[in-house]
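Heads up: the structure comes next, in structure tokens.
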């Protein structure tokens with residue numbers, strides 16, 4: 003009956019092997035190699051080969067095709083010493099990858115040779131738990147979650163449209179959220195503006211929203227802008243963010259937002275609602291029409307819904 007050593011020997015006979023020295027030489031020579039680290043999270047936190055992607059053996063078969071979509075790319079797999087990477091390389095070969103090798107000696111040998119390595123930015127245990135449903139989505143994963151934590155979104159309006167947007171942006175882990183609103187919370191807001199509550203009647207909506215967000219997700223930094231966005235301040239304010247969410251309640255402000263966004267090339271997510279009807283659109287400057295392209299002029303004030 004075969005034992006582990008026999009199985010490992012059989013696997014190594016079926017795969018290609020390389021060395022840290024050869025990998026480094028090829029990288030320095032400008033070759034494009036897809037490096038895949040198959041160690042566990044606690045090992046990865048202590049360093050990785052620069053440029054490597056990470057995928058532990060626990061989810062390997064089900065997720066590797068999302069991490070390495072090109073099956074004709076040259077892939078070098080490594081672990082701590084070269085054992086787990088050998089089995090991973092065999093799995094990749096079985097899955098149809100055509101150019102796979104295991105780095106003998108693994109990361110231990112790489113470090114012993116004095117080669118440079120990176121300390122990857124990783125989610126801590128609490129974040130991995132909080133965003134676990136994102137992490138299991140191939141379209142998001144840890145890399146996508148990191149991008150969200152690094153992103154900055156400006157939400158204009160903390161009312162009926164802005165309230166749910168703010169809650170979901172914060173829950174998703176958008177790292178910096180700016181809130182523009184100069185109004186205060188009124189009792190008649192509470193039927194639909196769910197980011198506020200009865201105890202906050204009379205305080206600024208932007209401050210009320212900040213308090214809710216900070217209690218929902220401590221990862222999020224909230225910037226309060228308790229004023230109206232107007233032509234003189236729009237560009238300076240919007241330039242600090244990656245995406246703008248337009249949840250305002252008047253036409254003049256929508257055109258101000260649109261014109262500044264076009265000049266700054268900032269995407270705008272726009273929402274509007276009237277009774278039982280709603281509309282949501284995303285305007286990406288120079289990749290499609292802008293708000294003013296669709297509606298060149300605002301309607302007369304008497305035709306605007308109240």
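Residue numbers (my numbering): 3 to 308.
For glycine and all other residues, C-beta sits at the position ideal for the given N, C-alpha and C.
- Task: Go through its chain and collect everything with a Cβ distance to residue 76's Cβ below 6 Å, but skip five positions before and after it.
- Result: 35 and 101
- Message: Taking contact to mean 3 or more Cβ pairs, one atom from each stretch, closer than 8 Å, check whether the segment 161 to 177 and the segment 124 to 143 are in contact.
- Response: yes
- Give the straight-line distance between the Cα atoms of residue 66 and residue 38, rounded to the nearest whole angstrom. 10 Å
- Counting only runs that start and end within the segment 96 to 155, where is the beta strand (DSSP E) found for 3 or more residues in a row? 101 to 105
- Message: With H, G and I counted as helix, E and B as strand and the rest as coil, what does DSSP make of residue 81?
- Response: coil
- Message: So the candidates are 73, 294, 262 and 276; which of them puts its Cα closest to the Cα of residue 238?
- Response: 262
- Item | Contact the segment 13 to 30 vs the segment 108 to 122: 3+ CB pairs below 8 Å | yes
- Kindly identify the DSSP beta-bridge partner or partners of residue 283. 272
- Beta-carbon spacing of residue 186, residue 166 below 9 Å: no
- Local conformation of residue 44 per DSSP, three classes: helix
- Straight-line gap, residue 97 to residue 201 (C-alpha atoms, nearest Å): 58 Å
- Message: Measuring straight from C-alpha to C-alpha, what distance separates residue 103 and residue 140?
- Response: 24 Å
- Touching or not, the segment 240 to 248 and the segment 206 to 213, by the rule of three or more beta carbon pairs under 8 Å? no
- Item | Bridge partner(s) assigned by DSSP for residue 55 | 38
- Query: My guess is that residue 13 and residue 88 are in contact by the Cβ rule of under 8 Å, so how many angstroms apart are they, rounded?
  - Reply: 5 Å
- Just checking my contact of residue 228 with residue 208 at CB under 8 Å: how many whole Å lie between their CB atoms? 5 Å
- Query: Whole-angstrom Cβ separation of residue 226 and residue 181, contact assumed at under 8 Å?
  - Reply: 6 Å
- Cα separation between residue 48 and residue 245? 34 Å
- Could you give the distance in angstroms between the alpha-carbon of residue 293 and the alpha-carbon of residue 190? 30 Å
- Message: For residue 206 and residue 232, I'd like the C-alpha separation in whole angstroms.
- Response: 19 Å
- Pair within 9 Å by beta-carbon distance, residue 40 and residue 6: no
- Rounded distance between the beta-carbons of residue 259 and residue 248, thought under 8 Å: 5 Å
- Which residue from 283, 266 and 105 puts its Cα closest to that of residue 28? 105
- With distances taken from CA atoms, which of 290, 44, 70 and 269 is nearest residue 2? This structure cannot settle anything about residue 2, because the visible part of the chain is limited to 3 through 308.
- Message: My output table needs one value for residue 290: the three-state DSSP class, helix, strand or coil.
- Response: strand
- Roughly how many angstroms separate the alpha carbons of residue 46 and residue 273, rounded to a whole number? 42 Å
- Where the beta strand (DSSP E) containing residue 248 begins and where it ends: 245 to 248
- Message: Alpha carbons only, please: which of 119, 56 and 72 is nearest the one belonging to residue 145?
- Response: 56
- Task: In angstroms with no decimal places, state the Cα-to-Cα distance between residue 72 and residue 31.
- Result: 22 Å
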